[in-house]
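At position 272 of the sequence shown the residue is numbered 258 (the numbering used here), and the sequence of numbers has no breaks.
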Amino acid sequence: MKKLTLTNYAQMNTTVLENEFIDQYMVKANGEYVKVYLLLLRHMDESSGSLSVSEMADLLECTEKDILRALKYWKNQGLIDYSEESAAPQNEQEVPHKPSAAQEPKNSAAPLPNIQQYRSRKDRKEFKELLFVAEQYLGKTLSATDIDMITYFFDDLQMSAELIEYLIEYCVENGHKSMHYIQKVALSWHEQNITTIDVAKSSTVLYNKNCYAILNAYGIKGRAPASSEITYIRKWNDEYHFSLEIILEACNRTMNMIHQPSFDYTDSILKRWYEKNVHSLKDVEAIDADYLREKERKKKQAPRQTDASARNTSGNKFNNFDGRSYNMDDLERRLVQQ
C-alpha cells in the first residue's frame, strides 16, 4: 500500500478575508487603504508578528505618510488598533529621504505592535459565532443592516456576546424577530443598566409576571399575551414608566366602563395620565378630585343656562305670531261650486 502524504496549504499559503469586510468596508475605502489592510492581514499570523511603517511603505511602494493615513483610516473604522507614538515618524526636515541604518530615526524603524492587535475591537471568532447563533434564532441570513445593529449592541452599548444572544432569544420567544424591536429592548436594558444575563433574566421574569397580572385584571386566563398586547404593555412600562399598580388601576377602570377587555381603551386612560405627569395612585386621586369639582361647577351653571335659553325661545320671532284657523266645510263648498 502506498504511503499518503497530507499537506495543509490553507494556513500557510492563504489569507482569509471576511465577507463582512468586502460588503461593508471595502466599497467605501480608498484603494490604497485596502492594500494596507490586506498587507496587515497577510502578516497577522506570522511568527514575528511585527511590521514597521517603513517596511510597509517599501512593500507597497508608497510613502510612510500614505501608510499612516491608511492606518488612521482603519483605526477610525474600528478594524485595527495601534499606538500613535510607535507609528509616528520624525519630522521629515530632520530625516533624509533614505537614511542609513545608523541614521534611521528610532520611531520610524520601530516595529508596530504585534500584527495580531490589528484585529477588530471585538473578538472576531466570538463575534462570528454570535452572528451564527442570531441567524439560527431569526431563521434568516443576516443583512448588512442586521450585522451593523448587532455590532452596535456589542461596541456602543458594551453588551457581551452572551447577553446579546439572550436578548435575541428572549425577543424571538416572545414572538418578535424584527431587529427594530430587538433594538428597542436592547436600549431599554441599557437604560436599566442590565449588563449580565442573570440581571436580564430576573428583569424579564418580573416583566412576564406583570404581563400575566394585567391579563388577570381583564379576566383573561389560560393563555400568554399576544404580540399586540405585549407592545401595549411594553409601552406602558418602558415609555410611560408606570408602575404595575397604576396599570392595573387603568385596567380595572376599563372593565368598569365598557365591561370588556380593551388594551386600546386602557392605553387612552394611561396616555392621559402620562400627559398629566402621574407617578402614583395619589396623583390619580388628585386628578379624579379635580374632575369631580369641575363637573359640580358645570352642574351648578346648568339651571342658569336653561332659564336663559327659555327666555330666548319665548322671544323668538318665529313664535311671535297669531295662529291661523281654517273652516274646512267652507273651503270644501267653494271648491265644489267652481
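Glycine residues also receive a C-beta, built at the ideal position from the N, C-alpha and C atoms. These numbers come from a predicted model, not from an experiment.
Span separating the alpha-carbon of residue i from that of residue j
i      : j      : result
Leu124 : Lys163 : 6 Å
Ala15  : Val22  : 11 Å
Met42  : Leu25  : 8 Å
Tyr167 : Met241 : 30 Å
Leu278 : Tyr204 : 26 Å
Tyr19  : Tyr59  : 8 Å
Glu143 : Leu54  : Here the sequence assigns Leu to residue 143, which means Glu is not the residue at that position. Going from the Cα of Leu143 to the Cα of Leu54 covers about 29 Å.
Lys367 : Ile273 : Since the first and last residues shown for the chain are -13 and 324, residue 367 lies out of range.
Arg28  : Thr1   : 6 Å
Leu116 : Ile183 : 15 Å
Leu128 : Val13  : 19 Å
Arg209 : Ala275 : 37 Å
Cys197 : Ser214 : 12 Å
Ala130 : Lys281 : 58 Å
Lys286 : Gln246 : 34 Å
Gln169 : Thr137 : 11 Å
Leu234 : Ile200 : 6 Å
Asp224 : Leu256 : 13 Å
Ile219 : Asn62  : 40 Å
Leu98  : Cys48  : Note that Leu98 scores 42 on pLDDT, short of 50, meaning its location in the model is unreliable; the coordinates nonetheless yield the value given after this. Using only the alpha carbons, I get a separation of about 17 Å.
Lys187 : Gly17  : 47 Å
Ile180 : Asp52  : 43 Å
Whole-number beta carbon distance between residue j and residue i, since they are thought to touch under 8 Å
i      : j      : result
Phe140 : Phe113 : 7 Å
Leu46  : Tyr11  : Wrong, their Cβ atoms sit about 18 Å apart, outside the cutoff.
Bounding residues of the alpha helix (DSSP H) (the contiguous stretch that carries residue i)
i      : result
Asp44  : 39 to 46
Ile233 : 230 to 244
Tyr59  : 50 to 62
Ala249 : At residue 249 the sequence reads Phe, which differs from the Ala that was named. That run of the alpha helix (DSSP H) goes 249 to 261.
Arg28  : 17 to 29
Ile216 : 213 to 220
**Report entry** Runs of alpha helix (DSSP H) wholly within the stretch 126 to 182 (minimum 4 residues, chain order)
**Finding:** 130 to 141, 147 to 159, 165 to 177
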